[in-house]
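Okay, so here's the structure we're looking at.
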Amino acid sequence: MRYLDLPTAKKWSAIGLGTWQFGSREWGYGSDYAQGPDSEASRIVARALELGVTVFDTAEAYGFGRSERILGEALDRADADPATTVVATKIFPVLPVDQVVVQRGTSSAARLRRKIDLYQVHQPNPVIGDGTTMAGMRTLQAAGVVDEVGVSNYGLERWQGAETALGSQVISNQVQYSLVAREPDRDLLPYARTAGRAILAYSPLAQGLLSGKFDETHRPANRVRSLNPLFLPESLRRATPLVETLRAVADAHDATPSQVALAWTIHHPVAVAIPGASSVAQLESNCAAAEITLADDEYTALTAAAESFEPVSGLSALAGIARAQIGVGR
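Below, the structure is given as structure tokens:
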């Protein structure tokens, strides 16, 4: 496993584990997936620890707290070392004033059965500024409930403003980042590199688009993916050159397209990729990506192929999703 060089007490692994699917019915997993000591979720968490994963990401909004509870129980069963494990969760910012932040942070810590190593604001609130939110974060830090503070889906200016409001480092910004979502390259990643901060990349495989498993005649049935314009038939057709480039680089490394896509994401030394995993095998495959070092020409070729990809968007995307939902054009 590879680790980031951050001004934090614990090492952050370059490949983490996202746990949105733990207890979230929208991903299509049954109750047996997450419940009990022999559940798949418990096996995934235990194996992740064995492979050197330290970053485990969840949120109070995932399964309405079930994901936090399942993750906390799985970490306990695996005897996760609190001195090395980085447990990250997020507050959904509905009325994120100081007292509410304290109450909900305390509730998340109780579900997780441990101190929150990284407490993140899930989304910027358009009405309530970060001054009162960060006041609550400071209270949680002073009480020993929270260690580091982070944000999610913040632009650079608001990220920096949150840090000013907190009065200490806001160590990370969790944003969508992958070969097909490269906006953080513009300013967030350069800032993270110069300031000693981190980018947590969610959806680093673009919900599976970059795995090469789907095409215009083989689309995902999952409800979450069915609402994503990336998986419309025309988008999948347009993604063919990018997927072919991923396969070519993967062949050179005896790897899979998914592993190469993750290696591209963590090519930046300040990036942590947090893909989900539905099985131990998938987790092991994700972790193996940390051992891949892309050559400069490979990184350039992947980036160029990604820049040429334009998925269906706007009204055409909305119409396509609507047709898919009623079974037209499948």
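Add 334 to a position in the sequence shown, counting from 1, and you land on the number used in this note's numbering. Note that CB positions come from ideal geometry on N, CA and C, so glycine has one too. These numbers come from a predicted model, not from an experiment.
- Counting only residues of its own chain and dropping the five nearest sequence neighbours on each side, T342 has a CB closer than 7 Å to the CB of E482, I505.
- Under DSSP, the beta-bridge partners assigned to I450 are V480.
- Excluding residues up to 5 positions away in sequence, D432 lie with their Cβ nearer than 7 Å to the Cβ of A469 in the same chain.
- For the pair A532 and L340, the CB atoms are nearer than the 7 Å cut-off.
- Per DSSP, the continuous alpha helix (DSSP H) segment holding D630 begins and ends at 630-642.
- In the three-state DSSP reduction, D391 falls in the strand class (E or B).
- The C-beta separation of P645 from S537 comes to about 14 Å, leaving the pair out of contact by the 8 Å criterion.
- Here the alpha carbons of F426 and S441 stand approximately 13 Å from one another.
- Residue state for Q510 is assigned as strand, using DSSP reduced to three classes.
- Checking the DSSP bridge columns, you'll see V434 has no partner listed.
- The three-state reading of DSSP puts Y488 in coil, since its state is none of H, G, I, E or B.
- When the five nearest sequence neighbours on each side are left out, the beta carbons in the same chain lying within less than 7 Å of the beta carbon of G406 are those of R445, L446, R447, R448, in order along the chain.
- When rounded, the separation of the alpha-carbon atoms in R472 and A422 is 17 Å.
- A distance below 7 Å separates the beta carbons of G352 and G610.
- Residues R445 of the same chain have their beta carbon placed closer than 6 Å to that of R403, with the five preceding and five following residues left out of the count.
- Counting of Cβ neighbours within 10 angstroms places T467 among the buried residues, the total reaching 16 or more.
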